[in-house]
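Structure below.
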């Protein structure tokens, strides 16, 4: 080979295996192939096995009537004659209720405990630490069983509280918290409108107060005014329309209260357990978030003469939120998923009534598990989506 | 110019001088500083004190003072208003070994001692050969343990996994789950940060799928639906299936932990490695992962704590872990005393608490050691 | 699509397999032979039916049936592994192939027989009853309007109680737990006014209440609960093995054969006994077993009466009289087809 030949050669092209781009293509093709083969195998096996064992398939079972009772069916009209699809809806609603209420309460309690954990009050700080270390390190299933006993045991039975035939407006007994059912009369819609108006007013007020503060430095107590509006406006509307609300009391039968609205003890116990357990984790997240804010921020705020509680609210927490929100999302997801442990104490969530009772009665494991998993995945997708949106809103805007 | 009146963020004028402190040290000063420094603080202290006084004495009474410490079921039946510890002492072997045959329990003991020894050695940072101990515990130990426990080699009689139970089963599931999920989690985390779009998509979907579904559903499918997905004559041991389910579930969480570590490594490290001409896997193995894994040790320990607690869910699929075996012992008609279930649950809670708390302390210790930043 | 179509489809598939049954006939037996043991689904702990004792050995009426099958197939009553199953997962475990036979106090119903597997007989005749605290002052189930009822989820019990209250035009609330212990604990804590399950179950669970004497069982029996083992559809031979295992135990009692006298009975000149024990004829080989399979069962496990007395009979904690479960010749309904 002469020297001139070398210089005239085009830039050396890497061989097929040395080219990272091509290698990546091959790897990915391989992954796709393996995955496709795997999925195909599973599907084929399942189909063959189901056929061989004479298992029914398809979603026709959803129209069959269920034939069993469910203890609590909020927002859904359910009776034993309802079909399995309605069972699915009941389970879904129950899961969503306990998850949403649980997340809100766990966040609130977690924040309180997390801040208490950093309190300068020795006793408070020690109690918060004890709380976190105790509840974080004991399996949730045990805690659910514990709270169920703890909620149920000390409460009296309805028969020791009421005589048969009594009309009861409010009662707490071992069948749950029972209160009279509010029935709206014509004209009550005005109260809803007032509520809506209050919400809109609060937004307007907030914008105005902010603009004014930027302009003049004057502050306006938006929170208290807002709260006043939120309660006051509907209340005024309520009285102005002549109190269009009737309460239908529960009635004591021979055994228990009938009618009224019941919050069952299973729900309370599950909520207690989920909230207390998750709040311990959230408290640690909040603590870590607050500690992640550089100490200089606290000092700078103090040096500016910002009052201690304002310092927390206006300087520290907004910065801490950036550290807090991502792990908080996982906690919300965990709480939602952990609500499936409700089976242990007879709270009729999706996993108990649909992936449990319905599956057992119809035997259509593949379809039912697919639906159940789809629900949990959708819920976590929605939660993550919302939290990501919130996270991007509070993210540090960098140059 | 006193526009900043009530409700303002900044104090406008000078604050009034505070009187000189009466004493700056001694118990009274401590009390004043820590418990009664302001009116709110005093109220909080009093409320907290009330809670403590309300909750602690009855709990101590039930657990210790009035509890039954000796005697059999009769003593507990006579005093059902307090804990019944004889129930635990009578059954503790079952709680530890499950239904593992009496004559073969020395095998479990050996594995337990080696495990404890390994953990003890690893806990000391100054240990010579620490790295090798760690490697030994991570790879050969689980394999040897499996043969020790299951038998069938070296003339050890086979002990079916259906006879495993109690705390030993809890450890087996949790440890094999974590050992299996660590490498899988690392691969998934690398895949999620890969430049190859399909690889990234597959790994992301895999991680989000397992993170999005409840563990009970995973266990349910692993225990009763698994044979549906397999060719007709392939079968797996039930325990193995539960472990696979747990490991896949944990690997998704592990992947996210490791990903956090990977993200924390400055880009310069990657670029430096690439500039040296290191291929991908060498770059990861020699430069990135050693740094990344070190930062995420607390995260890994926390994932393990979560996994350890979650092992209690296997009782739903009929494996008798510590909680499962306690629950089935409670059913014994000879011990049908009101305090027995509570005693059993308190015992389980205590065992889990001790293990998890110890791990949490270790994780915090590492965290503090790594936290060399601007801490005050 | 309605449930009937599903059932029809399932039945059609099952029928198709019955027609082509020859090809698959010995699948389960072959697989079991290869494994060396039978995988048997039992309950997670129901005293008298299937419950692990202190040493972790499974005992109970349902467990004895599994052991009897092992004795029939392997001549070794220990060649059986138990899978504890909750009521909820039991059928999925059977249909998925996780277990070979389900012997878990399971009520034989038409839909289960067509959807999940093939019931091979009845090893305990039961009926659903109610237990209430004596202080409730109730003497009959018809007075239970408005009561809260504790029961097990995933059982016929849950459906029966719904049917019963609807038929009587009474209101009720149902609190359905997954495990029997949880039901008992909740009932004991006053969560419900009534505890309902099979009457054998009521007897077994009553011992766990804090004050068993303060509770009474109401006279009504609201359902028929024929409890029996079942096997997967589509394997006629395996079904036969299970069916004749049970029939063997009952026939042996009828013929007076028990574990103590089985050796002498082998010499008996009674042709019926000879056929049962396989001393004469080739009944066993017709279902793929050895002819003396029934003798093996009786030697290892005993006849039905022995199993009953050992596990649920009057001398046990449960103290259940034979009642319906006595032989037809003794006033019960236990009536096994003859072995000839």
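Chains as they are written, first to last, in my numbering: chain Z, 223 to 621; chain D, 242 to 617; chain X, 950 to 1289. Ideal placement from N, C-alpha and C gives every residue a C-beta, glycine not left out.
- In angstroms, rounded to a whole number, what distance separates the CA positions of residue 1037 of chain X and residue 1198 of chain X? 29 Å
- In chain order, what residues of the region 584 to 606 of chain D put their CB closer than 7 Å to some CB of chain Z? If the cut-off is 7 Å between Cβ atoms, the region 584 to 606 of chain D has 586, 589, 590, 593, 594, 597, 598 and 601 near chain Z.
- Query: Measuring CB to CB, does residue 537 of chain D end up less than 7 Å from residue 498 of chain D?
  - Reply: yes
- Positions along the region 1113 to 1135 of chain X whose CB lies within less than 9 Å of some CB in chain Z: 1114, 1115, 1120, 1121, 1122, 1123, 1124, 1125, 1126, 1127, 1128, 1131, 1132, 1134 and 1135
- Roughly how many angstroms lie between the CA atoms of residue 560 of chain Z and residue 559 of chain D, to the nearest whole one? For the pair residue 560 of chain Z and residue 559 of chain D, the Cα-to-Cα distance works out to about 19 Å.
- Message: Can you list, in chain order, the residues of its chain with a C-beta nearer than 6 Å to that of residue 409 of chain Z? Leave out the 5 residues immediately preceding and following it.
- Response: 463 and 466
- Relative to the C-alpha of residue 1258 of chain X, which residue among X:1008, X:993 and X:1002 is closest? X:1008
- Since residue 1232 of chain X and residue 1165 of chain X are thought to touch, with beta carbons under 8 Å apart, how far apart are those beta carbons, to the nearest angstrom? Contact between residue 1232 of chain X and residue 1165 of chain X is ruled out by a C-beta separation of about 48 Å, above the 8 Å threshold.
- Item | Option in Z:341, Z:272 and Z:298 with minimal Cα separation from residue 513 of chain Z | Z:341
- Message: I need the straight-line Cα distance from residue 429 of chain D to residue 502 of chain Z, nearest angstrom please.
- Response: 29 Å
- Query: Can you list, in chain order, the residues of its chain whose CB lies under 7 Å from that of residue 379 of chain D, leaving out five sequence neighbours each side?
  - Reply: 420
- Task: Tell me, please, whether the CB atom of residue 572 of chain D is closer than 7 Å to any CB atom in chain Z?
- Result: no
- Message: For residue 405 of chain D and residue 1023 of chain X, I'd like the C-alpha separation in whole angstroms.
- Response: Each residue's Cα considered, the two are about 25 Å apart.
- With a floor of 4 residues, list each alpha helix (DSSP H) that falls wholly inside the region 1099 to 1157 of chain X, ordered by position along the chain. 1105 to 1116, 1129 to 1137 and 1148 to 1155
- Message: Quick check: what's the CA-CA separation for residue 383 of chain D versus residue 351 of chain D?
- Response: 13 Å
- Message: Using the Cβ count rule (16 or more neighbours within 10 Å means buried), how would you classify residue 951 of chain X?
- Response: With a pLDDT of 41 at residue 951 of chain X, under the threshold of 50, the predicted position of this residue should be treated as unreliable, though the coordinate-derived value follows. Exposed, since its Cβ has fewer than 16 Cβ neighbours within 10 Å.
- Message: Quick check on the burial criterion: 16 or more other C-beta atoms within 10 angstroms. Buried or exposed for residue 1107 of chain X?
- Response: buried
- Task: Please classify residue 326 of chain D: is it buried, with 16 or more other beta-carbons within 10 angstroms of its beta-carbon, or exposed?
- Result: buried
- Message: Judging by CA-CA distance, which residue of Z:542, Z:307 and Z:477 is the nearest neighbour of residue 517 of chain Z?
- Response: Z:542
- Message: Counting only Cβ-Cβ distances shorter than 8 Å, please list the residues of the region 535 to 560 of chain Z near chain X, keeping chain order.
- Response: none
- Which residues DSSP lists as bridging residue 262 of chain Z, in chain order: Residue 262 of chain Z pairs with nothing; no bridge assigned.
- Task: Spatial neighbours of residue 431 of chain Z within its chain, please: CB distance less than 7 Å, with the 5 preceding and 5 following residues excluded, ordered by chain position.
- Result: 442 and 444
- Which whole-angstrom value is the C-beta distance of residue 544 of chain D and residue 495 of chain D, which I expect to be below 8 Å? 6 Å
- Query: Does the count of Cβ pairs from the region 1093 to 1107 of chain X and the region 1137 to 1153 of chain X closer than 8 Å reach three?
  - Reply: yes
- Task: Output, in chain order, the set of chain X residues within a Cβ distance shorter than 9 Å of residue 340 of chain D.
- Result: 1001, 1004, 1005 and 1006
- Counting contacts by CB-CB distance shorter than 7 Å, is residue 610 of chain D in contact with chain Z? no
- Task: Examine chain D for any beta-carbon lying closer than 7 Å to the beta-carbon of residue 1185 of chain X, and answer yes or no.
- Result: no
- Message: Let me make sure I understand the geometry here. Which of X:1076, X:1102, X:1111 and X:1101 has the alpha-carbon closest to that of residue 1093 of chain X?
- Response: X:1111
- Item | Nearest residue (CA-CA) to residue 263 of chain Z, options D:427, D:471, D:480 and D:576 | D:471
- Just tell me which of X:1225, X:1266 and X:978 has its CA closest to the CA of residue 998 of chain X. Among X:1225, X:1266 and X:978, the Cα nearest to that of residue 998 of chain X is on X:1266.
- Work out the CA separation of residue 533 of chain Z and residue 261 of chain D for me, nearest whole Å. 26 Å
- Please say whether residue 448 of chain Z and residue 486 of chain Z have beta carbons closer to each other than 7 Å? no
- Task: Return the chain-ordered list of same chain residues with a C-beta closer than 7 Å to the C-beta of residue 1214 of chain X, the five sequence neighbours on each side being excluded.
- Result: 1206, 1222 and 1226
- For residue 351 of chain Z, I'd like the list of residues in its chain whose CB is within less than 8 Å of its CB, leaving aside the five on either flank, ordered along the chain. 339
- Query: Counting along the chain, where does the alpha helix (DSSP H) carrying residue 479 of chain D start and finish?
  - Reply: 479 to 505
- Have a look at the DSSP bridge pairing and note the partners of residue 405 of chain D. Its beta-bridge partners are D:339.
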